[in-house]
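Report on one structure; see the data block that follows.
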Amino acid sequence: MKRRVAILISGRGSNMSALINAARAEDYPAAIVAVISNRAEAAGLAKATAAGIPAEVVESKRFGKDRAAFETALQAVLDRHGAELICLGGFMRLFTAAFAERWHGRMLNIHPSLLPAFPGLDPHGQALRAGVKISGATVHFVTPETDAGPILMQGAVAVSDHDTAATLAERVLEVEHRIYPEALRLLAGGKVRLVGDICATTVGAGTGNFLISPLVC
Ligand code: GAR
18 MKRRVAILIS GRGSNMSALI NAARAEDYPA AIVAVISNRA EAAGLAKATA
68 AGIPAEVVES KRFGKDRAAF ETALQAVLDR HGAELICLGG FMRLFTAAFA
118 ERWHGRMLNI HPSLLPAFPG LDPHGQALRA GVKISGATVH FVTPETDAGP
168 ILMQGAVAVS DHDTAATLAE RVLEVEHRIY PEALRLLAGG KVRLVGDICA
218 TTVGAGTGNF LISPLVC
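Here the sequence shown stands for residues 18 to 234, where the numbers follow this note's numbering.
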C-alpha cells in the first residue's frame with residue numbers, strides 16, 4: 018500500500034513537482050494525495066492542478082498570529098485527504114510545538130544548506146559569508162525548532178569563488194530535486210527509524226567518491 022502524502026507549499030513548488038514526478042512511478046512507495054498552500058497566490062498550486070493533484074489553499078494570513086487556529090484548519094484538510102505523511106516544500110510558516118509533535122516522525126522538510134549549518138533565512142548568503150567550500154541541501158524530520166530535527170538525507174555541491182547567492186541556490190536546487198524524492202522513498206518504504214535525535218536508515222551510505230573543493234590539480 019502506498020503511503021498517502023500531502024505536500025505543503027508557499028511558493029513556486031519546484032520540490033513539490035519533483036516529488037509528484039517521482040511518485041508517478043508504479044513502484045514508488047508514496048502517493049501524493051494533496052498539495053496545500055498557505056498562500057492563494059503560490060505558483061505551485063497551478064502546477065499541482067496541471068499534474069492532476071488536488072490543490073487546496075488554507076490562507077494563513079486569515080488567522081493572523083493565531084497559529085493554532087490555522088493548524089486546526091490545515092489539519093481538517095489533511096484529514097479529509099487521509100494524509101499519513103507531510104512533505105514541506107518551501108512552506109514558509111512556523112508550526113506550533115503541538116502540531117510538530119502531532120506529526121512527529123511523519124513530517125519532512127527540505128532546507129537548502131548542510132544543516133545544522135545555516136538554518137533560517139538566506140542560507141546561501143550565510144554560506145557565502147562564512148566562506149564554506151561545500152554546501153548543499155538537507156531533508157530532515159520536522160521538530161518544533163526551525164530547520165532542526167533528525168537528518169534523513171543530504172546532498173552536497175562545491176561552492177565557487179564566483180558564486181552569488183543566486184547561482185549557489187540554483188545548483189543546490191538541483192540537489193534538492195534529487196534528494197527529496199529519494200528521502201521520501203526511504204521514509205514511505207519503511208526504511209528509516211528515529212533513534213532519539215538521530216535518523217537511521219537500513220540502506221548504506223552514499224557511494225565512495227568524495228567531494229573536495231577547491232579543486233587540487
Ligand atoms: C527551496 O530551496 C527549499 O529548500 C527552501 O525554499 C525553497 C522552495 O523552493 N526551503 C527553506 O528555506 C525552508 N527553510 P520550491 O518552492 O521551488 O520548492
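All residues carry an ideal CB built from backbone N, CA and C; glycine is no exception.
State yes or no: is the C-beta of Leu133 nearer than 7 Å to some heavy atom of the ligand GAR? First, the amino acid is wrong: residue 133 is Pro here, not Leu. Relative to the ligand GAR, the beta carbon of Pro133 is positioned no closer than 7 Å to any heavy atom.
CA-to-CA distance, Phe158 to Ala114, given in whole angstroms: Going from the Cα of Ala114 to the Cα of Phe158 covers about 13 Å.
Could you tell me whether any non-hydrogen atom of the ligand GAR is closer than 7 Å to the CB of Asn126? Correct: Asn126 has its Cβ closer than 7 Å to the ligand GAR.
Nearest-angstrom Cα distance between Lys82 and Trp120? Cα to Cα, Lys82 sits roughly 21 Å from Trp120.
Please go through the same chain and pick out, in chain order, the residues whose beta-carbon is closer than 7 Å to the beta-carbon of Glu88, but skip the five residues on each side of it. By the criterion of a C-beta distance shorter than 7 Å, Glu88 is surrounded in its chain by Phe112, Thr113, Phe116, once the five residues flanking it on both sides are discounted.
Reduced DSSP category for Ser177 - H, G, I as helix; E, B as strand; rest coil: For Ser177, the secondary structure class from DSSP, reduced to helix, strand or coil, is coil.
Do Ala23 and Ala63 count as a contact pair if the criterion is CB distance below 8 Å? Judged by their CB atoms, Ala63 and Ala23 are not nearer to each other than the 8 Å cut-off.
Give the single residue among Val75, Ala48, Pro46 whose Cα lies nearest to the Cα of Ser54. Nearest of Val75, Ala48, Pro46 to Ser54, Cα basis: Val75.
Where His141 falls: helix, strand or coil (DSSP): Here His141 sits in helix by DSSP.
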